[in-house]
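Here the numbering used here = 1-based position in the sequence shown + 11. Quick reminder that beta carbons are idealized off the backbone N, C-alpha and C, glycines included.
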Amino acid sequence: MIRRQFIAAAGTVLAGLLFATSAQAAKVYQVATDAAYAPFESQNEKKEIVGFDMDVLKAIAAKAGIEIKFTNTPWEGIFATLNTGERDIVISAVTITPERKQSMDFSEPYFEAKQLIAVGQSSKVAKFDDLKTKKVGVQTGTTGDEAVQKLQGKTSSNIKRYESTPLALKELLNGGVEAVVADNGVVINYLANNKGAKLKTIEDAGFEKEFYGIAVKKGNKELLEKINKGLAAIKADGSYDKIHKKYFGK
Ligand code: ARG
Numbered sequence: 012m013i014r015r016q017f018i019a020a021a022g023t024v025l026a027g028l029l030f031a032t033s034a035q036a037a038k039v040y041q042v043a044t045d046a047a048y049a050p051f052e053s054q055n056e057k058k059e060i061v062g063f064d065m066d067v068l069k070a071i072a073a074k075a076g077i078e079i080k081f082t083n084t085p086w087e088g089i090f091a092t093l094n095t096g097e098r099d100i101v102i103s104a105v106t107i108t109p110e111r112k113q114s115m116d117f118s119e120p121y122f123e124a125k126q127l128i129a130v131g132q133s134s135k136v137a138k139f140d141d142l143k144t145k146k147v148g149v150q151t152g153t154t155g156d157e158a159v160q161k162l163q164g165k166t167s168s169n170i171k172r173y174e175s176t177p178l179a180l181k182e183l184l185n186g187g188v189e190a191v192v193a194d195n196g197v198v199i200n201y202l203a204n205n206k207g208a209k210l211k212t213i214e215d216a217g218f219e220k221e222f223y224g225i226a227v228k229k230g231n232k233e234l235l236e237k238i239n240k241g242l243a244a245i246k247a248d249g250s251y252d253k254i255h256k257k258y259f260g261k
């Protein structure tokens, strides 16, 4: 009798444990993205966060067997949300840089990019160096901001910083700045979607190649490994290429 009761009790405890572990497996990873960066991340009419980055991370999550939830998060302070624990992952067209690597961990690269200059159609600017003493718009704290700091000096008052790249481009249209320096994919997308905007782009061979990575809190090896495995899997089975094609053509 006692023995049977014990077994029954043990069974209940075991069932509880199993339930607890399965509940834990359903953890939802919180993902930060600055959704004002089409085609990588933006909000549609229904306020859903959509874009290349979302498709990539969703495909990775499916392979890795993890659940994710995207939350629109301002670019300024986006990395700090990893340390506060508000977010577990940042995917936001983030360039992997040596400085950023000191404060967070990055996945393997998933996209190659470069800075691109946007100017008015009648502008005489022909190369990056021509912007040395001109008002240039950038998104605060981006690699575009860093590039212009290198050209003009960190304290230059001609660097006009905006909280989003579309705001910087709008200011270019308004004549408040003479140029905008930002990631090529976003500038090209903006021009394609604003056909009436009298802008043109200028490439400069001096800009270095950049690689986007998915960021996690420094030391979160477990999650990083899942992401890297998922990324390798979607690269291997062609699903990455399919997503790439959807947004960028061949
Ligand atoms: N690739 C650039 C950087 O890492 C710009 C990224 C901005 N991303 C965004 N979603 N606003 O600095």
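{"Check": "For T144, which residues in the same chain have their Cβ closer than 7 Å to its Cβ, ignoring the five residues on either side in sequence?", "Outcome": "N169"}
{"Check": "Any idea what DSSP makes of S53, helix, strand or coil?", "Outcome": "strand"}
{"Check": "Can the beta-carbon of F90 be found closer than 8 Å to that of M115?", "Outcome": "yes"}
{"Check": "What residue from E236, T82, V67 has the CA that sits closest to K257's CA?", "Outcome": "V67"}
{"Check": "Taking I128 and D194 to be in contact with their CB atoms under 8 Å, please state how far apart those CB atoms are, rounded to whole angstroms.", "Outcome": "Not quite, the Cβ-Cβ distance comes to about 12 Å (not below 8 Å), so this is no contact."}
{"Check": "In chain order, what residues of the same chain lie with their CB nearer than 8 Å to the CB of L58, ignoring the 5 residues before and after it?", "Outcome": "What sits at residue 58 in the sequence shown is Lys, not Leu. Within the same chain, K58 has no close Cβ partners at all."}
{"Check": "Could you tell me the distance, in whole angstroms, from the CA atom of F63 to the CA atom of A49?", "Outcome": "8 Å"}
{"Check": "Would you kindly report the start and end of the unbroken alpha helix (DSSP H) that includes N239?", "Outcome": "232-247"}
{"Check": "Distance check for K80 and K38, CA to CA, integer angstroms please.", "Outcome": "10 Å"}
{"Check": "Among residues of its own chain, excluding the 5 on either side of S133, which ones have a beta-carbon nearer than 8 Å to its beta-carbon?", "Outcome": "K209"}
{"Check": "In whole angstroms, what is the alpha-carbon distance linking E78 and T151?", "Outcome": "31 Å"}
{"Check": "May I ask you to verify whether the segment 95-103 touches the segment 154-162, counting CB pairs closer than 8 Å and requiring at least 3?", "Outcome": "no"}
{"Check": "Please tell me whether, using a cut-off of 7 Å, the distance from the CB of Q150 to the nearest non-hydrogen atom of the ligand ARG is below it.", "Outcome": "yes"}
{"Check": "Looking at the strands, I want to know which residues DSSP matches up with G62.", "Outcome": "DSSP lists no partner for G62."}
{"Check": "Look up E78 in the DSSP assignment and say whether it is helix, strand or coil.", "Outcome": "strand"}
{"Check": "Using alpha carbons as the reference points, say which of A179, L184, K146, N185 lies closest to T166.", "Outcome": "K146"}
{"Check": "Does the beta carbon of V105 fall short of 7 Å from some heavy atom of the ligand ARG?", "Outcome": "yes"}
{"Check": "With DSSP as the reference, identify every bridge partner of I213, one or two as the case may be.", "Outcome": "I128"}
{"Check": "Taking the alpha-carbon positions, what's the N239 to P85 distance?", "Outcome": "25 Å"}
{"Check": "For K112, decide whether its Cβ has a neighbour in chain C, counting only Cβ atoms nearer than 8 Å.", "Outcome": "In the structure shown, chain C cannot be found, because there is only a single protein chain."}
{"Check": "Between the beta-carbon of F51 and the beta-carbon of G196, is there less than 8 Å?", "Outcome": "yes"}
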